[in-house]
Every structure is written in structure tokens, then in C-alpha cells.
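In the working numbering, the protein residues as written are 149 to 397.
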Amino acid sequence: KTGAALIVGFLLILLAGLGFGLYKLANRTASTAAFKNVKMTRLTAIGKVKDAAISPNGKYVVYATEDDKQQSLWVRQVATGSSVQIVPPVDVVYWGLTFSNDSDYVYYVKNEKTGGSFNNLYQVPALGGASKKLLEQVDSAVTFSPDGRRLAFVRDNLKKEETEVVLANTDGTDVKTLATRKAPDRFASDLTTRIAWSPDGKTVACAASSADASGYYHQVIGVSVDDGSQKPLTSQRWVNVAQVTWQAD
Numbered sequence: 149k150t151g152a153a154l155i156v157g158f159l160l161i162l163l164a165g166l167g168f169g170l171y172k173l174a175n176r177t178a179s180t181a182a183f184k185n186v187k188m189t190r191l192t193a194i195g196k197v198k199d200a201a202i203s204p205n206g207k208y209v210v211y212a213t214e215d216d217k218q219q220s221l222w223v224r225q226v227a228t229g230s231s232v233q234i235v236p237p238v239d240v241v242y243w244g245l246t247f248s249n250d251s252d253y254v255y256y257v258k259n260e261k262t263g264g265s266f267n268n269l270y271q272v273p274a275l276g277g278a279s280k281k282l283l284e285q286v287d288s289a290v291t292f293s294p295d296g297r298r299l300a301f302v303r304d305n306l307k308k309e310e311t312e313v314v315l316a317n318t319d320g321t322d323v324k325t326l327a328t329r330k331a332p333d334r335f336a337s338d339l340t341t342r343i344a345w346s347p348d349g350k351t352v353a354c355a356a357s358s359a360d361a362s363g364y365y366h367q368v369i370g371v372s373v374d375d376g377s378q379k380p381l382t383s384q385r386w387v388n389v390a391q392v393t394w395q396a397d
């Protein structure tokens, strides 16, 4: 009887594992079906686009162009194909382009090239208007909380040899450090870096590097919004990680 019970138990576990595997396979097949027939549409033909981002509602694309060493920001309406310049040409570098959750504003990082703080965060209405400087020393694209009230970014504190995940209100007020990594460990922080606030509002996912006896490696780290604790979101190690994002679920 004991042997028969063990066999039945083993078969039940095997069937459960098989069922779970089929469930995951069906979900993966459904999630990739939409990408089997992809239509590519060329949005610009000037060959001078440096960075771009699509709005959450899918109606607009913001992009930076460079002409004669000067960069400007443009917004294109996807449905009509019309574009409007929202920030005039200046001898700077624009990057980290990001729409607000409601698609009404564009947030961007401007590398001033001169001055004490190189990477400063600005906000401008999506269809044009006056730009507003919000924060200094912003070393990644910003990401927004699900309710759109807070933003997060990476700050590189060179003097202390540490990098920080920083939270602030979307108007640049109430700034606080959420998490810190000290050298040789660090959060990624450069022109290509994008961190991502989870849809449930609990975690900010970040590209991060660490060092051990084998050398440097990169992972995706989850930072708790509640207490700033850090944990790997995957055991996978990569040569480099730059941009992360969450699926809607």
C-alpha cells in the first residue's frame, strides 16, 4: 500500500508539473502571437534622430534631432504624421525622453556640457510650451509611479563613489534617496539607462553591476519602494544591462 501511494503521489506531481508547463507554453504562445505579423512604419526620414520615446496612449512620439551640433525636441502625432518642435535647437545633448503617465508632458534630461551640474531634468508640455527645470544631477531616464505622482531616477555621486535610486514628486519636490550601492557595486547611470517602476507600485527595477572573484557582471535588481531593500529579480548575469521595463501584468 505504501508503494502504491508513493507511485500515485509521484504521478500526481508529474501531472501537475505537466499541466503547469502546458499552461506556461499556452501563455507564451498567446503573448507572442501579436508580434508574428509586425508592421514597420517609418516616422522620420531626416537621418538625424538621436533619441525617441512613445507616449503611453500611443498617439505621440517625442524625438531629439541634431543639426550642426545643435539638438532640438520634436513631437510627432502618429495618426496624422504631423510634427511640432517643442524645444528649439541648442548646443546641448537631450536624452532620457519620457512621457508622463497621462501623456500630457515630456520629461527629458539635458546635458548642459558646461556648469556645475551636467545632467538636469526638465518638463515641457507635450504639444509645446515653456520648459521647466525640475532637478539637477539626474543620471538616468525617469520612471513614474502607477498613480503618476512620484518619479524615480538614478543619481551618480562621484565624490562618495556611490550610486543612488532617488524618489521625488513629479514637480521636483520632496526628494529622497531610496537605495544606495557603493563601489565597486553600482546602479547603471548613463545616457542609455532606463529604470522601471512596477505596475503594482511596489518595486523599481534597475540595471546594476557587481564584482566578485570572476570580475564584473550585470543583473536586474529590484528596489523595494517601501524600505529600499534590494534583491535580484533574476539570477541571470549579463555582460551589460542598460534598459529595463515591466510587462503590464
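In this text, a Cβ means the ideal position worked out from N, Cα and C, and glycines have one as well.
Considering only C-alpha positions, which residue in the set Q367, D348, R297 and L160 is nearest to T382?
Q367
Backbone CA spacing between G349 and G151 [nearest angstrom]
49 Å
Contacting residues, own chain, Cβ-Cβ under 8 Å from Y208 (five flanking each side not counted)
I202, V223, R224, Q225, V226, F247, S251 and A274
Let me make sure I understand the geometry here. Which of W386, S372, L245 and S337 has the alpha-carbon closest to that of P204?
L245
Taking E260 as the reference, give the member of D375, V241, N249 and L282 with the closest Cα.
V241
Using 8 Å as the threshold, is the C-beta distance between N342 and S357 below it?
Here the sequence assigns Arg to residue 342, which means Asn is not the residue at that position. Cβ atoms of R342 and S357: not closer than 8 Å.
I need the straight-line Cα distance from Y270 to S346, nearest angstrom please.
23 Å
Answer yes or no: do V232 and V272 have a C-beta to C-beta separation smaller than 8 Å?
no
Segments of 3+ residues assigned as beta strand (DSSP E) that fall wholly inside the stretch 306–348:
310–317 and 324–330
Are the CB atoms of L326 and G376 nearer to each other than 8 Å?
yes
Return the Cβ separation of V257 and W243 in integer angstroms, given the expectation that the two are a contact with Cβ distance under 8 Å.
5 Å
Specify, as a first and last residue, the run of the beta strand (DSSP E) that V231 falls within.
The sequence as given places Ser at residue 231; Val does not occur at that position. Residues S231 to V238.
DSSP beta-bridge partners of G363
D360
Determine which residues share a DSSP beta bridge with A300 and list them.
T291 and L315
For the beta strand (DSSP E) containing R224, list its first residue and its last residue.
Q218 to Q225
Sequence-distant residues of its chain with Cβ nearer than 8 Å to I194 (five each side left out):
T213
Close Cβ partners of G277 (< 8 Å) along its chain, the five nearest in sequence each way excluded
I234
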